[in-house]
Amino acid sequence: MSSGEADTIELDSSSSRIQVASGLDTGDDGHLSPTTHSNSVYETRYQKSLRHYLTREALPKESHYRNLNSIVDGSMRPTLDDLHHNTLREQQRHPGADLETGPSNLRGKVIKFGWLEGVYMRCLLNIWGVMLFLRVSWMVGQAGVLSSIIIVIMANIVTIITTLSMSAVATNGRIQAGGVYYMISRSLGPEFGGSIGLMFTVANSIAAATYIIGFCNSLQDMMKDYFNGSQIFDGGVNDTRLVGTITLIAVLALAIVGMDWVTRVQMGLLFLLIGAQVDFLVGAFMGPLDDLEASQGFIGLSSKVLSLNLGSDYRKSEGKDQDMFSVFGVFFPAVTGIVAGANLSGDLKDPASAIPKGTLGAIFTTFCTYLIYPILIGAAVMKDASGNSSIYIEYKDNVTNFWENPVFTNESCSKTGDTDENGIKVCSYGTQNSFQVMELMSAWGPLIYIGCFAATLSSAIASLVGAPRVLQALAKDKLYPGIYGFSKGSGANNDPVRGYILVFIISLACIIIGDLNLVSTLLSNFFLASYSLINFSCFHASLIKSPGWRPGFKYYSLWVSLLGGILCLAVMFLVDWVTALITFLCVLALYLFVSYRNPDVNWGSSTQAQTYVSALKTTLDLNTVEEHVKNFRPQLLVLTGSPGSRPPLLDFAQSITKNISLLACGHVIQGPQTQRVRNSLIRQAYRWLQRHKIRAFYSVVEGNNLEEGARNLFQLVGLGKLRPNTVLLGYKANWHKCDRQELKAYFNTLHEALDMYFGIAILRVPQGLDYSQIIEDEDTPVVMNGNDGAITQITEDRPGQSAANQLTQELAKMLGTINSNTRNTYYRDGTDSEASTPPGSPEVERAVVSELPRPDDGQKRRASIANLFRGPGGVELSKDVLNNITMFKRKQKKGTIDVWWLYDDGGLTLLVPYILTTRSQWSGCKLRVFALANRKDELDMEQRSMANLLSKFRIDYSDVIVIPDVAKKAAESSRMEFDQLIHEFKTKSTEEISKENEGILISEAELLGQREKTNRHVRLRELLLENSREASLVVMTLPMPRKSSVSAPLYMAWLETLTRDMPPFILIRGNQTSVLTFYS
56 MSSGEADTIE
66 LDSSSSRIQV
76 ASGLDTGDDG
86 HLSPTTHSNS
96 VYETRYQKSL
106 RHYLTREALP
116 KESHYRNLNS
126 IVDGSMRPTL
136 DDLHHNTLRE
146 QQRHPGADLE
156 TGPSNLRGKV
166 IKFGWLEGVY
176 MRCLLNIWGV
186 MLFLRVSWMV
196 GQAGVLSSII
206 IVIMANIVTI
216 ITTLSMSAVA
226 TNGRIQAGGV
236 YYMISRSLGP
246 EFGGSIGLMF
256 TVANSIAAAT
266 YIIGFCNSLQ
276 DMMKDYFNGS
286 QIFDGGVNDT
296 RLVGTITLIA
306 VLALAIVGMD
316 WVTRVQMGLL
326 FLLIGAQVDF
336 LVGAFMGPLD
346 DLEASQGFIG
356 LSSKVLSLNL
366 GSDYRKSEGK
376 DQDMFSVFGV
386 FFPAVTGIVA
396 GANLSGDLKD
406 PASAIPKGTL
416 GAIFTTFCTY
426 LIYPILIGAA
436 VMKDASGNSS
446 IYIEYKDNVT
456 NFWENPVFTN
466 ESCSKTGDTD
476 ENGIKVCSYG
486 TQNSFQVMEL
496 MSAWGPLIYI
506 GCFAATLSSA
516 IASLVGAPRV
526 LQALAKDKLY
536 PGIYGFSKGS
546 GANNDPVRGY
556 ILVFIISLAC
566 IIIGDLNLVS
576 TLLSNFFLAS
586 YSLINFSCFH
596 ASLIKSPGWR
606 PGFKYYSLWV
616 SLLGGILCLA
626 VMFLVDWVTA
636 LITFLCVLAL
646 YLFVSYRNPD
656 VNWGSSTQAQ
666 TYVSALKTTL
676 DLNTVEEHVK
686 NFRPQLLVLT
696 GSPGSRPPLL
706 DFAQSITKNI
716 SLLACGHVIQ
726 GPQTQRVRNS
736 LIRQAYRWLQ
746 RHKIRAFYSV
756 VEGNNLEEGA
766 RNLFQLVGLG
776 KLRPNTVLLG
786 YKANWHKCDR
796 QELKAYFNTL
806 HEALDMYFGI
816 AILRVPQGLD
826 YSQIIEDEDT
836 PVVMNGNDGA
846 ITQITEDRPG
856 QSAANQLTQE
866 LAKMLGTINS
876 NTRNTYYRDG
886 TDSEASTPPG
896 SPEVERAVVS
906 ELPRPDDGQK
916 RRASIANLFR
926 GPGGVELSKD
936 VLNNITMFKR
946 KQKKGTIDVW
956 WLYDDGGLTL
966 LVPYILTTRS
976 QWSGCKLRVF
986 ALANRKDELD
996 MEQRSMANLL
1006 SKFRIDYSDV
1016 IVIPDVAKKA
1026 AESSRMEFDQ
1036 LIHEFKTKST
1046 EEISKENEGI
1056 LISEAELLGQ
1066 REKTNRHVRL
1076 RELLLENSRE
1086 ASLVVMTLPM
1096 PRKSSVSAPL
1106 YMAWLETLTR
1116 DMPPFILIRG
1126 NQTSVLTFYS
């Protein structure tokens, strides 16, 4: 074969033909075309050259799309960085197996079943339950043949729709162990899945006991009829306890032996079930064998009997009046075994194919039998019969119509009550009175009892085998505390032996009780609730139209699934409305519990997709909503840097927004950084916000300095009308010591915010805001002795993150470099704390604490403030430091919020403190409003005017104080203190400021031009010290930083004068647009 020829692999089938061309033959038109050879041989000399010599691109293959850490051939798709930046990293192979498939090192033979023995057979055994032999005849007696057929059709419509929905869910990806729980949890999320999974486990555990009790009752009836009423103890509950316990132990032993033997036993039971039904069919066509059977109502197939039984004859039964809906409620549990095969999804070779095929096949088969048997019973058995053979024989030949025989009328037995007015006993036979009609009609009666035994035992085996597997999957997902031990399996099939034992204990306790009629309807409702959620999960996934919803099973409809879910709910109330309400309460309680625990799972559920769709729709709708001053909310962009570096600043912002207004954290980093580092920062930030229960967005941008980065944040943060309108940042306490270009960048950030019509708020607290060197976040790498390359704890080491270590080292290097070299730069937000080490902080070297053991990720921490904030290496922080960090989380002591509303900025200076007083932390604080007077002789008028304005704004206040002498010359000591602040920034009178120093030095001309403002601010400080020294919070209008009029150091000196040595102080400046109104 020449190198220019094309080699092909041909896979011919009736439906497809696949050709693989290894050469590059081209046709006449120049296009690539495969060439077919009679003897094709696939040439292998180019197998490795494409990937290893020609390109780094990877060809599509299944292993690239499997769960992380499940790579079996060692090959991984190259990352975008590898391809884009032309880098080559060593492939990291992990020894673990597929996370979903469980341990791969278990010894023994792995047993997997196909659709026939794995699903079809098990569903048949569960649907052909004891109800087939005991209740179908009763249904015919009460409802008649026609209504019975309608009931059967209605019940099967519900199960067919549910199966179609289940088939769609089961074929939408790879299904693992857990059956119904797995499908619902992966479709609707852990809340619904967890509630149904636990209820399903408990229900099957109790159901196993009910089936075994049913087996014991059938055995007692057989002993009574065929063994002269033989008994062990009392022929009642004690016999049930003994036989039931022995049977349960045998079933447990069978389950522990293995699924192979379970399947063999169930196969034998299926043959017995089929044999019993064949026995019934043969007997139905044979007719009664003697006059005794005829006197008990079995006439033989007759059109006249069928016509008599076509209509309904509802009577009082089991203590209540019956109707069609009550009869439907009694019959419906007979068809609820459709998930028996799905519950063993982990033991199936191909669940996606086996579940739809086996379940639908079983429903069709049982549907046919449930349609035929009522017709045969209605055509052969009378509704009432006394069983008196002598009367039957006496009148047998003396009546024109056989149904006129007194044995079938109220002349020989009463159809209502125990006895009638003449003392005649109630009828004991007939479809209305006896549950043994099928045994009566059979060719050999004991075989029907054997069929009952097979039905009850097969259902008990299915429940005891299925419940532990659902529990195992539930425990593996850690949705509930204390059950993880049940996730451990044994043997090659990962059999849940611990779950077997738990289910055995629950079932044994129920068997000892002996009578479970009270909970039987509750179990049916539990199953119906799971069916309803299966339907809803299919409907919801189809409605959301997530691109990931691509089921292989196409014969479903979202509206049909919705109808199925509603029908299941309706049937729950038809069965018993009281137990339906109990079921709802159970689902709700378990849902809320799982939701409260907020498990750390990400399954791509349709509820997650719904969150996105709803958020998108609402955000788009918001664009059409006109803004109004009454609906104004401060939407904050907080320059926090990493959220964990300034907890007090973020807590203060949270107290303003309180989850009902936008809160966004802005973080400026020095670039360029790789996207992997940015992604890691984002994940770390959101984990911190989630741990501290702060609902906020986080944005990280690159910039050469704070001004550039902040400008990017101001332009980019937000979406549509859901964007910030106010910028909150910390006060730069080290402004007089930091690099002057850094000071200028901070000052220009205020200009950028005002240029974009943002409101501005600057917060200062006595102990400072920056705790980045005091707090060590759980996810932050520890940097030892300022060595930016050494780390002792990585960010996160989850299986499957092939480049996790490399990423962590890269992130640690960036963080370490900034922490050790540029701590006081713009990296986080350009601000610094009042003191580099707040009072009471531990004096610990990182090199020392890095050697201390850190808590394991799985170790549960107490939900306390002390554990939310830890020192380097996990060291416990002192009480003083914790109090400083959490100062805005705690309830504030009773006091005042002093609002110095100096200038009308639109009302933001007044609105923010009012909002604070509505929060629980500040509810004990009253507003005191300070205002300026234009003239001293108008003091009283100004005070009344301000009080009237506040009253119109409906803002409660404790006092209004008008300041008349703010323009008064400040004291000499105060002026000298201010001069000391700006001394280092002043230029000589004759010196001109160079272009590079423009804005960071103070000229004599500037001082002269701003002397009135300077005096006003110094005078305001005196008034602040006089009036607000003991306030809980001081709010003041921020002085306007006029462009080209005031330099950065002079402006910062004004702010320093106002805020130094004061209680928590926030300076606010609105954008001169009204945010308050007194109109309705």
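Under our numbering, think of the first position of the sequence shown as 56, with each following residue one higher. Using N, Cα and C, we set each Cβ at its ideal position, and we do this for glycine too. Remember, it's a predicted structure, so these values are computed and weren't measured experimentally.
Residue i, DSSP secondary structure in three states
| i | result |
| --- | --- |
| A397 | helix |
| W977 | helix |
| I230 | coil |
| L44 | Because the chain spans 56 through 1135 in this model, residue 44 falls outside it and cannot be assessed. |
| V481 | strand |
| A440 | strand |
| D960 | coil |
| S192 | helix |
| E931 | strand |
| F1008 | coil |
| R177 | helix |
| I1057 | strand |
Rounded distance between the beta-carbons of residue j and residue i, thought under 8 Å
| i | j | result |
| --- | --- | --- |
| S754 | A800 | About 19 Å; that fails the 8 Å criterion. |
| I418 | M221 | Going by Cβ atoms, the distance from I418 to M221 rounds to 11 Å, so no, they are not a contact pair. |
| T421 | L179 | 7 Å |
| P245 | V642 | No, P245 and V642 are not in contact; Cβ-Cβ is about 14 Å, not under 8 Å. |
| E1136 | E807 | Residue 1136 cannot be examined here, being either before or after the span of the chain that is shown, 56 to 1135. |
| V224 | S592 | 6 Å |
| L784 | L694 | 4 Å |
| R1076 | S1029 | 7 Å |
Spatial distance of residue i from residue j (CA atoms)
| i | j | result |
| --- | --- | --- |
| P1019 | L957 | 12 Å |
| I311 | C623 | 34 Å |
| A210 | V649 | 32 Å |
| L577 | G500 | 32 Å |
| K1043 | G1064 | 16 Å |
| I621 | F924 | 49 Å |
| G1125 | M1001 | 19 Å |
| N939 | L519 | 57 Å |
| F490 | V195 | 11 Å |
| S444 | I561 | 47 Å |
| K359 | I216 | 36 Å |
| I1057 | F1033 | 13 Å |
| Y786 | N767 | 21 Å |
| E1053 | A765 | 21 Å |
One or two residues paired with residue i in a DSSP bridge
| i | result |
| --- | --- |
| R983 | D953, D1014 |
| G785 | L818 |
| G721 | S754 |
| M1091 | W955, L1122 |
| D1034 | Paired residue(s): none; D1034 is not in a bridge. |
| D550 | S545 |
| D376 | K371 |
| R925 | E931 |
| V693 | C720, L783 |
Contacting residues, own chain, Cβ-Cβ under 6 Å from residue i (five flanking each side not counted)
| i | result |
| --- | --- |
| E1051 | none |
| P606 | A223, T226, N227 |
Own chain partners of residue i with C-beta closer than 8 Å, once the 5 adjacent residues on each side are dropped
| i | result |
| --- | --- |
| K375 | S381 |
| Y882 | With a pLDDT of 37 at Y882, under the threshold of 50, the modelled position of that residue is not reliable, and no figure is offered here. |
Neighbourhood of residue i by C-beta, 7 Å cutoff - its chain only, sequence neighbours within 5 removed
| i | result |
| --- | --- |
| I287 | D294, L297 |
| F1040 | L1056, I1057, P1104 |
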